[in-house]
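Colleague: Residue numbers (this note's numbering), protein chains in the order written: chain A, 2 to 256; chain B, 3 to 265. Yeah, the Cβ is synthetic: ideal placement off N, Cα and C, and Gly gets one too. I am attaching a structure below and will ask some questions about it afterwards.
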Ligand SMILES: Nc1ncnc2c1ncn2[C@@H]1O[C@H](COP(=O)(O)OP(=O)(O)OP(=O)(O)O)[C@@H](O)[C@H]1O
Ligand SMILES: [Mg+2]
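Right, here's the structure in full:
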C-alpha cells in the first residue's frame, strides 16, 4: 500500500504552518522527514494518519493494505503514549481488544510481538518500572501487533539517551530488514535520517514547504560499510538545515 | 595532601520528613494522660471538660443499653445512602460534562451557581418537600456530595493526558473503549480525591442535619447531651465522630491503594 500526500496546506489561525506539500511514500520504504523546529512535521504526520484534517489537500492510500492488517496507519509517539495503569502486555492487548479476535488469539499476538522486541521477560512490568528505551520498545511492539501497513513515527528516539538511541535504531533496522515495513519517520537527528531513510525530505522553515528530497540509494543493510558516503549526505542535509535555521533566526531578529 | 585540606561542609539533608513509628501513639497517650491527671487533680472542672475515663464510661453505658448501635446505625444509614447516591450521580453528571460540549455548557454554570450554597441552608426546604423523616436528611447529604463530585470528576476527565486519547484514536479504538480504558482510569486519581472531599462534607452535613431534627444519630446524641450539660456523653459523641471520620478515610485509603496501584 502506497501513500500519496497531495498539495497539503494548513494554517492554525493566522499562522500558516504548511504550504503545498506533495509527497509519495512507496510501500516498503522509509521516508524521513526533517526540518527546523516548528515547521509542521508533526502536523503533517497527524494529517497522514487521519488524526487531523488539513485545510486543503488530501492524503490518499493507493492499493489495499495487506491481509491481516488491523490498523493500516499506526503511530509510534515520541512520548511512548503507554497507559501507566497497564502492564507491557496489557498495553499491547489494548489495541487488539476491539477487533473481536478472541482471548487466545490476542494472547498469541502479544507473546509474538513481545518476543520479537525481546521483551518477553517484561510482559507484566508497568511502564513506571521500565526505562525509556524499554518503554519505546513496548510501544514498537504495540505498533507491530496491529500489523500496520505504514508506521508513522514522530521522533521516536528523541526522548532517549544516545546509547539507547543507537541500540534502538539498530533494532529498527533489523526489524525493517526482516519485515520491510513502510514508514514515515520524523526526526531532528541527521545521523538517524541517513542510517534509516531510503529518502529524506527536507522541509523549509515555517510555513513548511518541501525544500529538497534526497534519495539515499545505498541499501540499509550496507549503510555502515560506507561511512564516507553517509557523511557526505549528512553534511549536505546539515547545510540545508542550517540555512533554514539561520534564515528563521534572521526573521525573528527582523521582527 | 597539604595541611589546609579540610572536608567540604555538608549542606544537604532535611526537608524530607520520614515516618517515625510509635511517636504518634505516644503523643496521643501523653495528651490523654495529662488530661486525665488534670481532671483527677481538680485542675479541670468536670462541668467544663470531663475526664477521658468519664467519657469512656458514657460510651460503655451506651454499649450496655444497646443505644450505641441505634445511634451509629441511624447515622451510617443516612451517610451511606446520601453519599453513595450523591457520588454516583456526581460521577455520571461529571462524566457527561467532561465528555460532551453540550452537557458541559448546560451543567457547569448550574454547578457553579449551586456549589457555593451551604447545603444545610436547604434542609428546611427539604423538610417541607420530604417531611422531617430520613428523606430530607439523605437529600441534604446527597446534594452536598453531588456538587464537589461533579467538579472533581469533570476536572479529572479534562486532565486526562490528551496524547493517550490520541493514541487510542490512532489505533482505531471505539469511543466507548477510549472512555472505559483510557479516560476513566486516567481520571481515577482525581475522582478518588474528590471522594475524600465529598466524604468529609457528608459527615459535616450528617451531624448538622441530625442536630436539626432527629431522634437517633450521633448528631442528635451530641445535641441532647449538650442540652443536658452531660459533657461526658458529649465528649463520647465527639469521639465517635472522630472514629467515624478515621474509618471513612481509612476505607478510602485502601480503595486508593488498590485502584491506583500503578502509580
Ligand atoms: N493544535 C494547534 N493549534 C495551534 N497551533 C498549533 C497546533 N499544533 C501545532 N501548532 C503550531 O504549528 C506549528 C508547527 O507545529 P509542529 O508541531 O507540527 O512542528 P514540528 O515541525 O513538529 O516541530 P518540532 O520539531 O518542534 O516537533 C508550530 O508553530 C505550532 O506552534
Ligand atoms: Mg514535532
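Just curious, the alpha helix (DSSP H) that residue 233/B is in, first and last residue?
Modeller: Position 231 of the second chain, counting from 1, holds the residue named residue 233/B. It spans 233-261 - the alpha helix (DSSP H) in which residue 233/B sits, taken as one unbroken run.
Colleague: Could you check whether the Cβ of residue 241/A sits closer than 8 Å to any Cβ belonging to chain B?
Modeller: Here residue 241/A corresponds to residue number 240 of the first chain, with the count starting at 1. Not closer than 8 Å to any Cβ of chain B, the Cβ of residue 241/A fails to qualify, so no.
Colleague: What first and last residue would you give for the beta strand (DSSP E) that runs through residue 16/B?
Modeller: Here residue 16/B refers to the residue found at position 14 when the second chain is read from its first residue. Unbroken run through residue 16/B: none, as it is neither H nor E.
Colleague: Counting only Cβ pairs nearer than 7 Å, list the residues of chain B close to residue 86/A.
Modeller: Sequence index remark: in the first chain, residue 86/A carries index 85 (1-based). What residue 86/A touches in chain B: 187 and 264.
Colleague: Contact defined as beta carbons within less than 8 Å: I believe residue 134/A pairs with residue 169/A. What is the distance between those atoms, to the nearest angstrom?
Modeller: Along the first chain, one-based indexing puts residue 134/A at 133. Along the first chain, one-based indexing puts residue 169/A at 168. Contact holds; Cβ gap of about 6 Å.
Colleague: Taking the C-alpha atoms as reference points, what is the distance between residue 236/A and residue 51/A?
Modeller: For the purposes of this step, residue 236/A is taken as the residue at position 235 of the first chain. For the purposes of this step, residue 51/A is taken as the residue at position 50 of the first chain. Cα to Cα, the separation comes out at about 34 Å.
Colleague: Alpha carbon to alpha carbon, how far is residue 208/A from residue 41/A? Give it in angstroms, no decimals.
Modeller: The count along the first chain starts at 1 and reaches residue 41/A at position 40. The count along the first chain starts at 1 and reaches residue 208/A at position 207. Straight-line Cα distance between these residues: approximately 8 Å.
Colleague: Identify every residue that forms a DSSP beta bridge with residue 184/A.
Modeller: Along the first chain, one-based indexing puts residue 184/A at 183. For residue 184/A, which the question treats as bridged, DSSP gives the partners 31/A and 152/A.
Colleague: Determine whether the Cβ of residue 184/B lies closer than 8 Å to any Cβ atom of chain A.
Modeller: In the second chain, the residue the question calls residue 184/B occupies position 182. It does: the Cβ of residue 184/B has a partner Cβ on chain A nearer than 8 Å.
Colleague: Answer yes if the segment 197-204 of chain B comes into contact with the segment 212-228 of chain B, meaning at least three C-beta pairs across the two stretches below 8 Å, and no otherwise.
Modeller: Too few Cβ pairs lie closer than 8 Å, so no.
Colleague: Would you say the beta carbon of residue 70/A is closer than 7 Å to some non-hydrogen atom of ligand 1?
Modeller: The sequence position of residue 70/A within the first chain is 69, counting from 1. No, since every heavy atom of ligand 1 falls outside the 7 Å radius drawn around the Cβ of residue 70/A.
Colleague: Does any CB atom of chain B fall closer than 8 Å to the CB of residue 80/A?
Modeller: Locating residue 80/A in the first chain gives position 79, where the first residue counts as 1. Chain B, which has a Cβ nearer than 8 Å to the Cβ of residue 80/A, makes this yes.
Colleague: Could you check whether the Cβ of residue 40/A sits closer than 7 Å to any heavy atom belonging to ligand 1?
Modeller: Your numbering for residue 40/A matches position 39 in the first chain. Yes; taking the cut-off as 7 Å, the Cβ of residue 40/A has a heavy atom of ligand 1 nearer than that.
Colleague: Assuming residue 77/B and residue 219/B make a contact with CB atoms under 8 Å, what is their CB distance in whole Å?
Modeller: For the purposes of this step, residue 77/B is taken as the residue at position 75 of the second chain. For the purposes of this step, residue 219/B is taken as the residue at position 217 of the second chain. Right, their Cβ atoms sit about 5 Å apart.
Colleague: Which residues in chain B have a C-beta closer than 7 Å to the C-beta of residue 147/A? List them in chain order.
Modeller: Here residue 147/A corresponds to residue number 146 of the first chain, with the count starting at 1. Going along chain B in sequence order, the residues near residue 147/A (Cβ under 7 Å) are 173.
Colleague: Pull up the distance between the alpha-carbon of residue 34/A and that of residue 18/A, whole angstroms please.
Modeller: Indexing the first chain from 1 puts residue 34/A at position 33. Indexing the first chain from 1 puts residue 18/A at position 17. Each residue's alpha carbon lies about 15 Å from the other.
Colleague: What are the boundary residues of the beta strand (DSSP E) that residue 189/A is part of?
Modeller: Translated into the one-based positions of the first chain, residue 189/A becomes position 188. Where residue 189/A is concerned, there is no enclosing beta strand (DSSP E), given that its DSSP letter is neither H nor E.
Colleague: May I ask you to list the residues that DSSP assigns as paired with residue 1/A?
Modeller: Any answer about residue 1/A is impossible in this case: the structure gives chain A only from 2 up to 256.
Colleague: Taking 7 Å as the cut-off, is the C-beta of residue 100/B nearer than that to any heavy atom in ligand 1?
Modeller: Start at 1 with the first residue of the second chain, and residue 100/B comes out as number 98. Residue 100/B Cβ: outside cutoff for every heavy atom of ligand 1.
Colleague: Among residues of its own chain, excluding the 5 on either side of residue 233/B, which ones have a beta-carbon nearer than 6 Å to its beta-carbon?
Modeller: Counting from one through the second chain, the residue named residue 233/B turns up at place 231. Excluding positions up to five away in sequence, the list reads 52.
Colleague: Among the candidates 125/A, 195/A, 37/A and 182/A, whose CA atom is the shortest distance from the CA of residue 211/A?
Modeller: The count along the first chain starts at 1 and reaches residue 211/A at position 210. When each option's Cα is compared against that of residue 211/A, the closest is 37/A.
Colleague: Residue 76/A versus chain B: which residues are under 9 Å apart at the beta carbon?
Modeller: Here residue 76/A refers to the residue found at position 75 of the first chain. Within 9 Å Cβ-Cβ: 168, 169, 172 and 173.
Colleague: Residues of chain A with CB under 8 Å from residue 195/B, in chain order?
Modeller: Indexing the second chain from 1 puts residue 195/B at position 193. Ordered by position in chain A, no residue passes the 8 Å Cβ test against residue 195/B, which lies about 16 Å from the chain.
Colleague: So, under 8 Å CB-CB, residue 129/A and residue 85/A are touching, yes? Tell me the CB distance rounded to an integer number of Å.
Modeller: Within the first chain, the letter at position 128 stands for residue 129/A. Within the first chain, the letter at position 84 stands for residue 85/A. Rounded, the Cβ-Cβ distance is 6 Å, consistent with contact.
Colleague: With DSSP as the reference, label residue 110/B as helix, strand or coil.
Modeller: Position 108 of the second chain holds residue 110/B. It is helical.
Colleague: How would you write the range of the beta strand (DSSP E) that residue 5/A sits in, first residue to last?
Modeller: Here residue 5/A refers to the residue found at position 4 of the first chain. First-last of the beta strand (DSSP E) with residue 5/A: 3-13.
Colleague: Please report how far the alpha carbon of residue 83/B lies from the alpha carbon of residue 93/B, in whole angstroms.
Modeller: Indexing the second chain from 1 puts residue 83/B at position 81. Indexing the second chain from 1 puts residue 93/B at position 91. One C-alpha to the other measures close to 15 Å.
Colleague: Looking at the unbroken alpha helix (DSSP H) that takes in residue 24/A, where does it start and where does it end?
Modeller: As a working mapping, residue 24/A is identified with position 23 in the first chain. Element bounds for residue 24/A: not the alpha helix (DSSP H) but the beta strand (DSSP E), 16-26.
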